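The structure appears below as structure tokens.
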Amino acid sequence: MTVSPTAVPDTRSAPRPSSPAPRKTRPPAGIARRRARTGWLYTAPALTVIALVTLFPVVYSVVLSFSDVRFTFGGVRVEEWTLGNYTTMLASPVWLEALAFTVGYTLVTVAVEIALGIAAAVLLDRLEAGRGWILALLLIPWSLITVVSAQLWDFLYDATFGAVTWLFGLVLDQPPVILGTPVPAITGMAVADIWKTTPFVAVIILAGLVRIPQERYEAAEMDGAGAWATFWNVVLPALRPVVSVAVLFRVLQAFGIFDLPFVLTQGGPGTATQSLAVLGYKTLFQNLDIGMGAAIATSTGVLVIAGCLLFLRMFRSQVDEGGAA
9 MTVSPTAVPD
19 TRSAPRPSSP
29 APRKTRPPAG
39 IARRRARTGW
49 LYTAPALTVI
59 ALVTLFPVVY
69 SVVLSFSDVR
79 FTFGGVRVEE
89 WTLGNYTTML
99 ASPVWLEALA
109 FTVGYTLVTV
119 AVEIALGIAA
129 AVLLDRLEAG
139 RGWILALLLI
149 PWSLITVVSA
159 QLWDFLYDAT
169 FGAVTWLFGL
179 VLDQPPVILG
189 TPVPAITGMA
199 VADIWKTTPF
209 VAVIILAGLV
219 RIPQERYEAA
229 EMDGAGAWAT
239 FWNVVLPALR
249 PVVSVAVLFR
259 VLQAFGIFDL
269 PFVLTQGGPG
279 TATQSLAVLG
289 YKTLFQNLDI
299 GMGAAIATST
309 GVLVIAGCLL
319 FLRMFRSQVD
329 EGGAA
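Counting in our numbering, the sequence shown runs from 9 upward without gaps.
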């Protein structure tokens with residue numbers, strides 16, 4: 009008589025009871041406060057340096073904008089506190105002209121850069137080979153320091169041996185003095201700025217293009233949409249948050265433009281290319297009018313903050329629309 013061994017059930021394939029996920033517990037209030045104090049302690053040196061380098065000059069400039077500052081043999085002395093700097097500035101035709109130039113220059117250059125950046129990004133997105141090399145070449149203008157690129161364009165616009173002047177001479181009997189005439193000077197400066205910053209816009213928009221799901225293109229193709237219909241109804245709506253970010257960065261940079269007109273034209277001819285930043289520099293360091301220069305700088309900062317808040321509000325609404333879609 010044989011006795012069969014007791015059968016042992018195979019439990020390897022049986023489902024094991026799932027253990028509950030560990031609950032995240034918050035540290036006690038005392039430990040959280042100690043961690044917060046430790047964090048503030050470690051970041052205090054960096055925050056102090058930032059405050060001294062950034063916040064203190066800004067606050068001091070605002071204070072000087074409300075004062076009548078005089079130079080004496082012992083240094084600088086505040087004569088009185090007054091609103092005269094702002095009343096004089098707002099009534100000055102030079103300041104109004106600089107404001108009009110800055111606003112108009114910002115609107116035109118940013119609009120052209122966004123249009124060209126979208127076109128360049130769409131082309132780069134369609135490339136299957138060599139995208140990295142082309143993108144690296146496009147970023148060369150953006151990587152150049154603005155003073156260096158401005159000096160390069162100054163050579164190209166030179167009235168005697170400039171390459172751009174020579175090209176105009178091939179089609180015109182009398183080529184224009186580009187940097188010596190108001191309209192050509194503004195146009196030439198805008199071209200230099202667009203050449204430098206369009207690759208930056210293209211990279212931002214390309215980052216938004218690669219995140220568009222392929223299913224949207226396939227759905228548009230199944231609906232019979234052509235290339236233009238797909239671009240207007242699929243691509244552009246998806247790019248609105250990214251375009252808002254690019255516009256925000258470029259408006260802030262273009263509104264405070266200083267180095268490009270300072271190198272190319274010094275704000276001339278006359279005051280044709282004089283931005284608010286250039287006007288503030290001349291008032292403060294050439295005319296030595298500290299109170300008025302601080303008022304111009306403060307007004308420029310207020311306008312920049314207002315524009316930043318406006319575009320941030322637009323950007324938030326675009327993100328909400330994109331999320332809802």
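All C-beta atoms in this analysis are idealised placements derived from N, C-alpha and C, irrespective of residue type, glycine included. Everything numeric in this text was worked out from a predicted model, so none of it was measured.
Terminal residues of the alpha helix (DSSP H) in which R224 lies
Here the alpha helix (DSSP H) through R224 covers Q222 to M230.
Let me check one thing: in DSSP terms, what residues is S84 bridge-paired to?
Checking the displayed sequence, the identity of residue 84 turns out to be Val instead of Ser. According to DSSP, which records beta bridges pairwise, V84 is partnered with F79.
For A200 versus L268, is the C-beta spacing smaller than 8 Å?
yes
Could you give the first and the last residue of the continuous alpha helix (DSSP H) run that contains I58?
A37 to I58
Any chance you could list the alpha helix (DSSP H) runs of at least 4 consecutive residues sitting entirely within the segment 96-137, in chain order?
101-134
Start and end residues, alpha helix (DSSP H) containing D5
Shown here, the chain extends from 9 to 333; a query on residue 5 therefore has no answer.
S73 to V66 span [Cα, whole Å]:
11 Å
Exposure label - W174; buried when at least 16 CB within 10 Å:
exposed
In three-state DSSP terms, what is V11?
Model confidence at V11 stands at a pLDDT of 45, short of 50, so the residue's coordinates are unreliable and nothing is read from them.
Buried versus exposed call for Q282 [16 or more other C-beta atoms within 10 Å across all chains shown]
Here Q282 is buried, its C-beta having at least 16 other C-beta atoms within 10 Å.
Using 8 Å for Cβ pairs, my map puts A302 next to S69. What's the rounded Cβ distance?
5 Å
Would you decide whether V191 is buried or exposed? Buried here means 16 or more other CB atoms lie within 10 Å of its CB.
exposed
Using the beta-carbon count (16 or more within 10 Å), is R258 buried or exposed?
buried
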